[in-house]
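Participant: A single structure is presented below for examination.
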Amino acid sequence: MKASFTTLFILSGLIASCVATPAMSVERRQASLVCATGTPNCCDVDVLGVADLDCAVPPTVPTSVDDFTSICAAIGKIDMCCTIDILNQGLLCSHPI
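Count along the sequence shown from 1, add 1, and you get the number used in the working numbering.
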């Protein structure tokens, strides 16, 4: 009886942890293809890599650095990888890898 209770307890814990762990989305996997750190953003102005103004998420998911550049250029913005996004402003941004 004790062994079956222990087994049931362990199995329920494993199932709960699998359900509670969110799967990595396609967007997050694709972001790692173009940005070593941070998230891909299309921004208007880059201020010394510290802050980028009027940033937005690319309208489509980029599949490469060249694709990311062309997606942002099509909407009149530059491609940047920003570590922190606050109110459409990117902080600690760098160019894609």
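Beta carbons are placed, not taken as given, at the ideal position from N, Cα and C, and that holds for glycine.
What is the rounded straight-line gap between the Cα of residue 45 and the Cα of residue 34?
Facilitator: Between residue 45 and residue 34, the C-alpha separation is close to 22 Å.
Participant: Within 10 angstroms of the Cβ of residue 60, are there 16 or more other Cβ atoms? Answer buried if so, exposed if not.
Facilitator: Answer is exposed; the Cβ neighbour count stays below 16.
Participant: Near residue 97, what residues of its chain come up, given a Cβ to Cβ distance below 8 Å and the 5 sequence neighbours on each side ignored?
Facilitator: So the qualifying residues of the chain are 35, 36, 41, 66, 69, 70, 80, 81, 82.
Participant: Need the endpoints of the alpha helix (DSSP H) that residue 46 sits in, please.
Facilitator: Element bounds for residue 46: not the alpha helix (DSSP H) but the beta strand (DSSP E), 46-48.
Participant: Take the Cβ of residue 55 as the centre, count every other Cβ of all protein chains shown within 10 Å, and call the residue buried at 16 or more, exposed below.
Facilitator: Exposed, by the Cβ-count rule.
Participant: For residue 88, which three-state DSSP category applies?
Facilitator: Here residue 88 sits in coil by DSSP.
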